[in-house]
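All remarks here apply to the structure that follows.
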Amino acid sequence: MSPSDLDLEQEHLTGLYGRLDELRLATKQRLVDVAGQTGGTAQARSERDATFTEYSARLSRLDAAEQGLCFGRLDLEDGVRHYVGRVGLPAPDADADPLLLDWRAPAARPFYVATSAAPEGVHRRRHIATRERRVTSLDDEVLDGAPDADREQLAGAAALLAAVTTGRTGRMQDIVATLQAEQDRIIRSDAQGVLVVQGGPGTGKTAVALHRAAYLLYHSNRIATRGVLVVGPNAVFLRYIGQVLPGLGETSVLLSTVGELFPGVVADRVDAPATVALKGSRRMADLVAAAVRDRQAPDGPAFDVRVGDDVVRLEPRFWTAAADRARATRRPHNQARPTFVRLVTAEVARQLEAQAAGLADRLEAEAATLLGDTDLDAAAAADLARLGYDEADTGDAYGETAVDYRAVAEADPNVADACDRLWPPMTPGRLLAELFAHADRLETAAAGLLTPEEIALLRREPGRPGYPGGWSVADVPLLDEAAQRLGADDRAARAQAARARDEEIAYAQGVLDVAVGSKTEDKEVLTVGDLLDARRLAERHRTLDGRTVAERAAVDRTWTFGHVIVDEAQELSPMAWRLLMRRCPTRSMTLVGDIAQTSSPAGLRSWDEALTPYVGDRWRLTRLSVNYRTPAEIMRITEPLLATLDADAEPPSSVRETGEPPWHAEVPPAALVSRVASVARAELAGLGDGRLAVITPDALAPAVAAALPEASAGPEPDLTERAVVLGAAQSKGLEFDVVLVVDPAGIIAAAPRGRNDLYVALTRATQRLGILHPGELPDELTRMPAGDVPSAAR
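Here it is, written out as structure tokens:
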């Protein structure tokens, strides 16, 4: 590329950054203006919040575009030229063409899909590499010549291969500059319904999912308003991808694991694989439903309730009928409870009134027997007259006194205790804690659903209230199911909010009264009281809610999203799918994964298994077939293993070879840990700025980490360090320049789906793979050539 081309592109890039700076400054000023507004009505306040959120998001997008603002140019056959970048930059003249096309705009699509066979009207596609605000290189492709049948149809092959072979940083980067046609087609597909993206290792599933989130937010106001939920397999993975969407300027995306989708719960308990599989079973929904019903007027003998000096009796036939009436409201447990409580208090009041009436009748009968034909009313009137009272003024002071027996029943603590005994207010945590900690409750709820052996898997010792030894990730869908069945009685919260509003209005009224009282007598002075009433004054001083959609959604279990994206979707259990479907009633979802990489005991064996209960056959499947990450030499050795996982699976085709075949070395068991450490250090010495991962069976990871203290390890390793030690399950979704897999047979033996874990571990490298094994290789790897074994591994 000639120096003049670089100079021209540098001049244009400088102009683009100048326009970016102008727009950022203008947006910041608009934010200041909106924050200073004091809207009066509820509608004005809502509009102010929406405007503030809009400008905040716009500023985030403009700030994110600082790095890699412009990365491409399209020269069309008709002479029109478009620049493509992270954001769209309008020209100062509103009627002029934009200075820069947003990569998600329809006009930018040819940048990703045009080929020499189908040029889409493009004469030349130019990839522009930049560092900070400087152009570093250009790469041109002329597309409107005669198609070359032998030419690999990769858009911007040089830029793509440069990105793939560049050393990893421990954080995933976006790929807006190097998206390929099959990836772009998925990203831009319709948001309606459920889209399943099946792809093997290295096909860019995660990148496609994240860029699809950014694309949908750009094109759909509905989705932007409700936000996008992106679910990943573990916290390590979420940190790895955490910079991608902010780097694209998107703040309306909540990244979460399943274990983080119940606000207030920390899922740090570890369940045995068999327990994970059971808790993930769809039968657990029936168990939770039975557990809730068992807390509603359970069987038992009649009992007495003391109300003051009186005693009433509650019979099973009464509370069974009352429970039926409460359930007939079709409300969740806590919301149906007020109906049950009203029936109980009404029954108590009825009995109290009947007892009072009976007592009065008995007293009157006894008095009549003693006094014979004496006129009691006349005698009482004479007595009052002698005392100086006028009968007309006494009213009910003598005789029958009206008693509100319902109010007596509602206020009595013993009646409240009886209601709690028969239909207690429940939280999800209390329901499950008491279910798992009490054998009789569990056996009753599980009757006909679980075997005795399965019931034993769920039993646990009681912990502190609501926290029985901690919650596991597998518990979170059960808590969510319980929350759905229980509901929330929010009457107290609404009453408290109403009281708070009344206090604000009362305070505002006091301010107005002071202002009115300060008016002078001799001349008219306009005060705030002449312009506002107390309610409007209070509304003006409500605080601005500047939280993003993601921040609001993160603390609200009932939030429903505009779109849900699940990465490594094959790992989700049937109960986790129930949770996610509640989060997205519109069923606008993108699911990416690879059935061959399923490692969870409760994970999928087919996409049909997950989706049929919710959408029937109304979902569509697409595939990613090209492996951009993993060299062909590595993928070839995994083919026998893949065949054992899925006989019908077709491995993705790799776009490159490195000339470095994988190697393996047998090591005496006693020397395994020390040899792994020495090999890792030797690899690091020649790795430059790249990243190395040592992937071991989970049980071996602590020993390897101790022998290699320079590596990050543990439950949440720092992937930005040059070396990390990971258990096999931790490596899912990650990539490294060099990978050492330790004891593959041990990885297989460590989990019910250990072969799936091994397949994942073997396909994480972008450059080199080595295997150290203390015994024979697993059968699936016995045909693997020795490769060039490093001296440190011999």
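In full-length UniProt numbering, the protein residues as written are 1 to 794.
Beta carbons are placed, not taken as given, at the ideal position from N, Cα and C, and that holds for glycine.
Alpha-carbon spacing of residue i relative to residue j, whole angstroms
i           : j       : result
Val-742     : Ala-713 : 15 Å
Asn-234     : Ala-751 : 17 Å
Glu-660     : Gly-616 : 46 Å
Val-673     : Val-704 : 6 Å
Thr-339     : Pro-90  : 60 Å
Lys-732     : Ala-105 : 32 Å
Pro-631     : Leu-160 : 14 Å
Gly-775     : Ala-677 : 18 Å
Thr-401     : Gln-351 : In this prediction, Thr-401 scores a pLDDT of 47, lower than 50, which makes its location untrustworthy; the coordinate-derived value is nonetheless stated afterwards. Near 17 Å, if we compare the C-alpha coordinates of Gln-351 and Thr-401.
Ser-625     : Pro-652 : 5 Å
Gln-183     : Phe-237 : 21 Å
Tyr-112     : Met-784 : 37 Å
Glu-639     : Ala-647 : 10 Å
Leu-781     : Thr-763 : 13 Å
Ser-600     : Lys-205 : 19 Å
Leu-314     : Leu-479 : 33 Å
Glu-657     : Asp-788 : 16 Å
Glu-633     : Pro-668 : 27 Å
Asn-756     : Arg-45  : 53 Å
Ala-407     : Val-341 : 13 Å
Gly-466     : Gln-173 : In this prediction, Gly-466 scores a pLDDT of 47, lower than 50, which makes its location untrustworthy; the coordinate-derived value is nonetheless stated afterwards. So the two alpha carbons sit approximately 41 Å from each other.
Thr-165     : Gln-335 : 58 Å
Thr-444     : Met-581 : 29 Å
Gly-686     : Val-738 : 11 Å
residue 796 : Val-348 : The structure shown has nothing for residue 796, since the chain only spans 1 to 794.
Leu-287     : Asp-21  : 58 Å
Ala-786     : Ala-665 : 7 Å
Trp-607     : Gly-746 : 29 Å
Ala-569     : Glu-551 : 24 Å
Ala-671     : Glu-721 : 26 Å
Gly-308     : Asp-412 : 8 Å
Beta-carbon contacts of residue i that lie in its chain and below 6 Å, excluding the five residues immediately before and after
i       : result
Tyr-83  : Cys-70, Arg-73 and Leu-100
Arg-226 : Phe-561 and Gly-562
Tyr-218 : Arg-104
Leu-777 : none
Ala-149 : Unreliable positioning characterises Ala-149 in this predicted model, as indicated by a pLDDT of 44, which lies under 50. The coordinate reading is nonetheless provided below. If we look at Ala-149 and ignore the five residues flanking it on each side, it has no Cβ neighbours.
Pair within 8 Å by beta-carbon distance, residue i and residue j
i       : j       : result
Arg-583 : Thr-560 : yes
Val-305 : Asn-414 : yes
His-123 : Leu-143 : yes
Ile-186 : Val-197 : yes
Pro-662 : Leu-734 : no
Ala-65  : Gly-242 : no
Asp-594 : Gly-79  : no
Tyr-17  : Arg-133 : yes
Asp-294 : Pro-316 : no
Leu-216 : Ala-191 : yes
Gly-170 : Arg-691 : yes
Ser-116 : Thr-251 : no
Val-276 : Ala-602 : yes
Ala-297 : Thr-329 : no
Neighbour-count burial assignment, residue i, 16 or more Cβ in a 10 Å radius
i       : result
Val-311 : exposed
Ser-791 : exposed
Asp-268 : exposed
Thr-612 : exposed
Thr-451 : exposed
Val-725 : buried
Ala-333 : Reading off the sequence shown, one finds His at residue 333, where the question assumed Ala. Buried is the call here.
Arg-618 : exposed
Pro-301 : exposed
Val-208 : buried
Val-87  : buried
Leu-179 : buried
Cut-off 7 Å between Cβ atoms - residues of its own chain near residue i, not counting five sequence neighbours on either side
i       : result
Leu-8   : none
Leu-245 : Leu-210, Ala-213, Ala-214 and Val-253
Pro-428 : Leu-479, Ala-482, Ala-483 and Leu-486
Ala-682 : Pro-790 and Ala-792
Same chain, Cβ closer than 8 Å to residue i, neighbours up to 5 away in sequence not counted
i       : result
Arg-441 : Ala-291, Asp-294, Glu-434 and Leu-435
Check your understanding: Quick one: complete alpha helix (DSSP H) runs, 4+ long, within the stretch 72-148?
Key -> 110-113
Review point. For the stretch 407-436, which segments carrying the alpha helix (DSSP H) assignment without a break, of at least 4 residues, lie completely within its bounds, in sequence order?
Key: 413-422
Practice item. Within the stretch 710-760, note down every full beta strand (DSSP E) run reaching 3 residues or more, in order along the chain. Key: 723-727 and 736-742
Review point. What beta strand (DSSP E) runs, 3 residues minimum, are completely inside the stretch 599-667?
Key: 619-624 and 663-666
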